[in-house]
Amino acid sequence: MKIGISGAPGAFSEMAALKFVELAGQGTPDIDFLVSVENVLSKLEAGEIDYGVFPIENSTGGIVIEAVYAMAKHRFDVEKLFEIEVNQNLLVQKGVNASDVTSVTSHDQALKQCRMYLKRMWPDIELVPYADTALAAKDLASGVLPRTTAVVASARAAELYGLDILEEKIQDLKFNYTVFIAAKKFISD
365 MKIGISGAPG
375 AFSEMAALKF
385 VELAGQGTPD
395 IDFLVSVENV
405 LSKLEAGEID
415 YGVFPIENST
425 GGIVIEAVYA
435 MAKHRFDVEK
445 LFEIEVNQNL
455 LVQKGVNASD
465 VTSVTSHDQA
475 LKQCRMYLKR
485 MWPDIELVPY
495 ADTALAAKDL
505 ASGVLPRTTA
515 VVASARAAEL
525 YGLDILEEKI
535 QDLKFNYTVF
545 IAAKKFISD
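In terms of the numbering used here, the sequence shown opens at residue 365 and continues consecutively.
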């Protein structure tokens, strides 16, 4: 089974894809990390992947706007709607302290989920939207982003890219869930 996800390795969409496979009783999937919902639905329509997994709504941050625009442009069938718990973390490069941080970057949806935390704890820090939470973590680890940047992403992304977790579970609501779609290619009647 080939699954395209809207994210890089360590993204919450990867966790959702693994949960979908578990719910479907399938084996280990071949995951194609496509970063955006647009890329996922384009590859799904072209028949290059069997399923696409992407977020559509979060209990704290609301509708995933990127998904709405992409869904409006593509035809697909919904195989399954399901949710996963999402815990956001503030990640930094090794050796970076809170006082070193000059900006926080992540996917717009992750920044929305942590809006009150960021206002309270980082009132003077620049917030920079990024294409994906895990891609931001990867780019921080590889030096694409400045060392003084902190990233909002999963604990898995910190582990994968060798980043430190400056603070865990920074989402505004303790119980933070995201609804995902597992989509399959549209078959006309």
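Just so you know, even glycine gets a beta-carbon here, dropped at the ideal spot from N, CA and C. These numbers were taken from a predicted model, which means no experiment stands behind them.
Using DSSP with H/G/I as helix, E/B as strand and the rest coil, what is residue i?
i      : result
Glu532 : coil
Glu378 : helix
Thr392 : coil
Lys476 : helix
Thr424 : coil
Phe384 : helix
Ala372 : coil
Val399 : coil
Val508 : coil
Lys549 : strand
Roughly how many angstroms lie between the CA atoms of residue i and residue j, to the nearest whole one?
i      : j      : result
Glu443 : Ser463 : 46 Å
Ala517 : Leu524 : 11 Å
Asp396 : Met365 : 11 Å
Lys548 : Val465 : 42 Å
Thr592 : Lys476 : Lying outside 365 to 553, the shown extent of the chain, residue 592 is not represented and no answer is given.
Glu402 : Pro419 : 12 Å
Thr497 : Ala372 : 8 Å
Ala410 : Glu430 : 20 Å
Gln457 : Ile551 : 46 Å
Ala388 : Pro487 : 44 Å
Ala546 : Lys538 : 25 Å
Gly416 : Gln535 : 26 Å
Ala495 : Leu482 : 19 Å
Glu386 : Phe376 : 15 Å
Thr392 : Val508 : 31 Å
Considering only heavy atoms of the ligand MG, does any lie closer than 8 Å to the CB of residue i?
i      : result
Ala474 : In the structure shown, the ligand MG is absent, as is every other ligand, since no ligand is present at all.
For residue i, which option in the options has the closest C-alpha, if you only look at C-alpha atoms?
i      : options                        : result
Phe446 : Arg484, Thr542, Gly374         : Thr542
Leu527 : Ala519, Glu490, Trp486         : Ala519
Asp441 : Glu412, Val450, Leu408         : Leu408
Asp454 : Phe384, Ala514, Pro510         : In the sequence as displayed, the identity of residue 454 is Leu instead of Asp. Here the closest residue by C-alpha is Ala514.
Leu405 : Ser370, Met480, Leu509, Val492 : Ser370
Asp414 : Val428, Gly426, Asp394         : Asp394
Ala452 : Arg479, Arg439, Ile427         : Looking at the sequence shown, residue 452 is not Ala but Gln. Answer by Cα proximity: Arg479.
Glu412 : Gly368, Ala381, Gln390, Glu421 : Gly368
Lys380 : Asn461, Glu490, Ile448         : It is worth fixing the name first, because residue 380 is Ala in this sequence and not Lys. Answer by Cα proximity: Ile448.
Gly459 : Ala500, Arg511, Ile489         : Arg511
Three CB pairs or more closer than 8 Å across the segment 493-506 and the segment 459-479 = Yes, they touch.
query = Counting only runs that start and end within the segment 427-505, where is the alpha helix (DSSP H) found for 4 or more residues in a row?
reply = Taking only runs of at least 4 residues, the alpha helix (DSSP H) segments lying wholly in the segment 427-505 are 429-437, 472-477, 479-485, 497-505.
inquiry  = With three or more C-beta pairs closer than 8 Å as the rule, is the segment 527-539 touching the segment 427-438?
reply    = Between the segment 427-438 and the segment 527-539 there are fewer than three inter-stretch CB-CB distances shorter than 8 Å, so the stretches are not counted as touching.
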